[in-house]
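Going left to right, the sequence shown walks through residues 41 to 195 as the working numbering numbers them.
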Amino acid sequence: MSKEKENLVIKDNVVIERIRKSDGKVLDRETFHNLVVNSGKVRIAKLLGNVDSATYFKAIAIGLGSSADTVSATDVALVDEVARETATAVYKSDYKCKFSTTFSFASGEAYSIKEVGLFDSVVESGSVMLDRLICTEKSVDSDVDLKVTITITVN
Numbered sequence: 041m042s043k044e045k046e047n048l049v050i051k052d053n054v055v056i057e058r059i060r061k062s063d064g065k066v067l068d069r070e071t072f073h074n075l076v077v078n079s080g081k082v083r084i085a086k087l088l089g090n091v092d093s094a095t096y097f098k099a100i101a102i103g104l105g106s107s108a109d110t111v112s113a114t115d116v117a118l119v120d121e122v123a124r125e126t127a128t129a130v131y132k133s134d135y136k137c138k139f140s141t142t143f144s145f146a147s148g149e150a151y152s153i154k155e156v157g158l159f160d161s162v163v164e165s166g167s168v169m170l171d172r173l174i175c176t177e178k179s180v181d182s183d184v185d186l187k188v189t190i191t192i193t194v195n
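Next comes the structure, spelled out in C-alpha cells:
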C-alpha cells in the first residue's frame, strides 16, 4: 500500500512597502506570508480545468482589519476593506507569479492598514479571494503610498 504524495503546493509571500511620495524613499519594508483560503483553492482548481468560466486573480485589496483578527481558511473577504486596485501580474522564473500595485491616498485620507488580500475582481461585491494576510499596522495618508507585492509560488 503506497501513501499518496502531495505534488502541488501553493506558497505565497507578501512584501509591503510604505513610500514617501515627495521623494520616493522607502520608509519601511516588511515581508509576510499569506494563507490561501478555501475559496481561493476552489478557484484554482476551476481555473486548472477551465470550469465554470472561472476568472483569474487580478486585484489587491487593503483594509483596516483589527490586529486581533486571525486569518481563517474559511475567510471570503477582508474585514474592513478601504481600497482595491488592479494589480500588474508578471510570471517570474521558477514557477512564480508576482502581483503588484501601489495605493495612493487623497488629501484628508489617512488609514492604519492591517489586512491585505488577492481577489479575482476590482469590484468587492461577488469577488473571490485567493488569500488573506493580517499584518503589522501600516499608517498611510496623502503623503505616504503603500506598495503591495504578492508572489505566488507553485511547487
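Note that CB positions come from ideal geometry on N, CA and C, so glycine has one too.
Being a predicted model, the structure only gives us computed values, none of them experimental.
In the structure shown, alanine 123 adopts extended strand secondary structure according to DSSP, grouped into three states. Straight through space, the alpha carbons of threonine 126 and alanine 94 are spaced by roughly 17 angstroms. Ranked by Cα distance from methionine 169, the first of Cys175, Gly157, Ser179 and Lys178 is Gly157. For serine 140, the closest of Arg69, Val49 and Lys187 by C-alpha to C-alpha distance is Lys187. When the beta-carbon positions are compared, glycine 105 and glutamate 155 come within less than 7 angstroms of each other. Take the alpha-carbon of valine 82 and the one of alanine 123: they are about 25 angstroms apart.
Take the alpha-carbon of phenylalanine 97 and the one of serine 147: they are about 30 angstroms apart.
When the five nearest sequence neighbours on each side are left out, the beta carbons in the same chain lying within less than 8 angstroms of the beta carbon of aspartate 109 are those of Val119, Lys154, Glu155 and Ile174, in order along the chain.
Per DSSP, glycine 157 lies in no alpha helix (DSSP H); the unbroken beta strand (DSSP E) holding it starts and ends at 150-159. Between the C-alpha atoms of glutamate 44 and aspartate 183 there is a straight-line separation of about 53 angstroms. At least 7 angstroms separates the beta-carbon of asparagine 74 from that of threonine 114. Going by DSSP, lysine 43 is part of no beta strand (DSSP E) at all; its letter is neither H nor E. Annotated as proximal: serine 152 and serine 179, with beta-carbon spacing under 7 angstroms.
Taking C-alpha positions only, aspartate 63 is separated from phenylalanine 145 by approximately 16 angstroms. Within the same chain, and ignoring the five residues on either side of asparagine 195 in sequence, the residues whose Cβ sits closer than 7 angstroms to its Cβ are Val49, Lys51 and Tyr135.
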